[in-house]
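Chains as they are written, first to last, in UniProt numbering: chain S, 1 to 337; chain E, 1 to 337.
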């Protein structure tokens, strides 16, 4: 077996990369939520002065990356790889950002799992000796996502209570081969699971099985259990997906309820902000990680966190053709040592 | 600098992964072209018995991967990572294939550069000690691409002579930490370049600057020149992009004309098959690599090849919003030793 592989899907990093800087940029609604104090930039205009939401999303992603590089005191010339993806068709936010920054670029698509997908690959590239600095980044925008995936906003379509609210936000993490932590120590790469959910307004339920599969695999590969973590946080399962995840794990005798939450629940005050089941989108886990989680790890609140962004790998075409919604979840262990 | 990095954008692999098997599946038009003897499966029905082209594309990708695994005498349980992407929105061909195969999955988006993007990452994951077997794969389908990116086929829209024909095909490569070659020895990861081309019917011109940039960077990082290669082959620049690439390189005093061709030119007999500037799509470089190139390397025709798939990172939305077309090219050195 490959030297750094433990178990079936997990890598134990031998020279754990350090997160030396991170940044988050959010829209007005996220800036009015419970995590507002953790974000670096809160935009008051969700167009960011651009003519359309797609360009606004791209600008937000650029701003998050530039801010993270400034905090890390590095320039684009120092960065070996930019690993990024987003929800827009052909990931234009990421590709146009890469055009602007001129960093060697690896485009990813993992839907809302992109933050942990990019962190995973970035950590592997550094641990493998291929890079000194990697930037992992992603973004989403409520308005660009709604009009691409669902309905024109002008229609004012009523949303069911299972629906989630796509986060307007971008997050960027700078990984380095040296630094004082937090460190990335384990990576569990997910498989695609699909239990047959077809309702695109119930993504949490569609993604929960993948989250459960990755948590179970992570525990079995590493020998860890719930007691080894202060926090297990999924990407954007929101209320319904979170409850399902707890329930499915309990059936297998695993109880993580004391240390488990979801980025889609933390980001909004769902009652007051009328976001139904909670937040979603690549930007959801990206800004919660690059705002709340990493800050609290650095403060010492959490010693070891399992961060697990989750993605629903559907498209409008696959839904129209009667397909169900496949889900994926990648887990990344982040800790101070 | 990271231990395995040479120059700015290039990695020299210290334990070069071996390509232990490869497979290609193509549609009827490709099976009627000059490379037909190299393909494993030539489909006579471009629906592959499915109800729509998107499902046909997905099936083609699955078939190519399963065939490559059979040739490698491995099963899905042996494979550490599936690295795949395609042109369809949210890369559904790849994600639904990953759902079927249940291999840990990393979804990529690099447009038509996906074959070299996936090969690059796969080789890095093996050289880094994270995997024993990786599958790199991609696909495209003329009919699913046309209706997503351009016009409904039923319209019978006339195509300008600069237009390229999206290849119906899928290719898969099995990389291993041990084997008798061909080996992947160098990887040059591209930056995104954009010289302002806005015509989505002239992708070759839009991608040529990225190809030129990556070739120049590869030469300067490695110290290699045209004499060190028997073949330099770009992904899908086709006639116009190929001529531009040669011209731009000549301006910098680099002449690769004796050893240079493009997958988009090789795959069709453009005059007889009425494919205008030539082939394109993720599947173009995928089937030329996993048919013609690797077979001829194994035969000894080519000793060292620079394979460089090229991608146009536009979307219909970015074009409608007036954006030009960013391009990217990743280079992979493949050789017998």
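Glycine is no exception: its CB is placed at the ideal position from the N, C-alpha and C atoms.
Query: Identify the contact partners of residue 99 of chain S in chain E, using a Cβ-Cβ distance below 8 angstroms as the criterion.; Result: 192, 193, 194, 313 and 326
Query: Strictly under 8 angstroms for the Cβ-Cβ distance: is residue 89 of chain E near chain S by that measure?; Result: yes
Query: Considering only their Cβ atoms, is the gap separating residue 59 of chain S from residue 67 of chain S smaller than 8 angstroms?; Result: no
Query: Answer with yes or no whether the minimum CB distance from residue 70 of chain S to chain E is below 8 angstroms.; Result: no
Query: If we cut at 8 angstroms on Cβ distances, does residue 317 of chain S have a partner in chain C?; Result: In summary, chain C is missing from the structure at hand, where the protein chains are S and E.
Query: So residue 270 of chain S and residue 285 of chain S are in contact, right, with Cβ under 8 angstroms, and what is the actual spacing, rounded?; Result: That belief does not hold up - the Cβ atoms of residue 270 of chain S and residue 285 of chain S are roughly 17 angstroms apart, past 8 angstroms.
Query: Expressed to the nearest angstrom, what Euclidean distance is found between the alpha-carbon atoms of residue 56 of chain S and residue 121 of chain E?; Result: 30 angstroms
Query: By Cβ distance, which residues of its chain are closer than 7 angstroms to residue 291 of chain S, with the 5 residues on each side in sequence left out?; Result: 24, 35, 38 and 39
Query: Should residue 96 of chain E be flagged as near chain S, meaning a C-beta pair shorter than 8 angstroms?; Result: yes
Query: Quick one: what's residue 174 of chain E bridged to in DSSP?; Result: E:21 and E:135
Query: According to DSSP, is residue 70 of chain E part of a helix, a strand, or is it coil?; Result: helix
Query: Taking any Cβ of chain S, which residues in the segment 2-22 of chain E have a Cβ under 7 angstroms from it, in chain order?; Result: 2, 3, 4, 5, 9 and 11
Query: Say whether the segment 1-15 of chain E touches the segment 233-251 of chain S, bearing in mind that this needs 3 or more beta-carbon pairs closer than 8 angstroms, one atom from each stretch.; Result: no
Query: Starting from the beta carbon of residue 111 of chain E, find every residue of chain S whose beta carbon is closer than 9 angstroms, and list them in chain order.; Result: 90, 95 and 107
Query: So, at 7 angstroms on beta carbons, what are the nonlocal neighbours of residue 147 of chain S in its own chain, with the 5 sequence-adjacent residues on each side left out?; Result: 153
Query: Which residues in the same chain have their Cβ closer than 8 angstroms to the Cβ of residue 259 of chain E, if we skip the five residues on either side of it in sequence?; Result: 226, 229, 230, 231 and 232
Query: Could you check what DSSP says for residue 336 of chain E in three-state terms: helix, strand or coil?; Result: coil
Query: Which residue comes first and which comes last in the alpha helix (DSSP H) that contains residue 272 of chain E?; Result: 270-273
Query: Going by DSSP in three states, residue 285 of chain S sits in which element: helix, strand or coil?; Result: helix
Query: Identify the continuous alpha helix (DSSP H) that holds residue 191 of chain S and give its terminal residues.; Result: From DSSP, residue 191 of chain S is part of no alpha helix (DSSP H); its letter is neither H nor E.
Query: Determine the DSSP secondary structure at residue 140 of chain S, reduced to helix, strand or coil.; Result: strand
Query: Taking residue 161 of chain S as the query, report the chain E residues whose CB atoms sit under 9 angstroms from its CB, ordered along the chain.; Result: Ordered by position in chain E, no residue passes the 9 angstroms Cβ test against residue 161 of chain S, which lies about 25 angstroms from the chain.
Query: Let's test the definition: count the other Cβ atoms within 10 Å of the Cβ of residue 3 of chain S and tell me whether it reaches 16, buried, or not, exposed.; Result: exposed
Query: Can we say the segment 293-304 of chain E touches the segment 189-206 of chain E, given the rule of at least three CB pairs closer than 8 angstroms?; Result: no
Query: Taking 8 angstroms as the cut-off, decide whether the C-beta atoms of residue 330 of chain E and residue 188 of chain E are in contact.; Result: yes
Query: Can you pull the DSSP bridge partners for residue 365 of chain E?; Result: Residue 365 of chain E falls outside the range modelled here, since chain E spans only 1 to 337, and no answer is possible.
Query: Flag residue 104 of chain E as yes if its beta-carbon sits less than 8 angstroms from any beta-carbon of chain S, otherwise no.; Result: yes
Query: Over the uninterrupted alpha helix (DSSP H) stretch that includes residue 241 of chain E, give me the two end residues.; Result: 238-251
Query: Skipping 5 residues on each side, what residues in its chain have a beta carbon closer than 7 angstroms to that of residue 108 of chain E?; Result: 83, 84, 85, 114, 117 and 118
Query: Find the residues of chain E that neighbour residue 55 of chain S, judging by a C-beta separation of less than 8 angstroms, and give them in chain order.; Result: 321
Query: For a minimum of 3 consecutive residues, which ranges assigned as the beta strand (DSSP E) are wholly contained in the segment 48-97 of chain E?; Result: 81-86
Query: Say whether chain S places a C-beta atom closer than 8 angstroms to the C-beta of residue 52 of chain E.; Result: yes
Query: Taking the Cβ atom as the reference point for each residue, do residue 288 of chain S and residue 266 of chain S lie within a distance shorter than 8 angstroms?; Result: yes
Query: In whole angstroms, what separates the C-alpha of residue 45 of chain E from that of residue 72 of chain E?; Result: 27 angstroms
Query: Identify which residue in E:257, E:162, E:333 and E:314 has its Cα closest to the Cα of residue 149 of chain E.; Result: E:314
Query: Quick one: what does DSSP say residue 256 of chain S is sitting in, helix, strand or coil?; Result: coil
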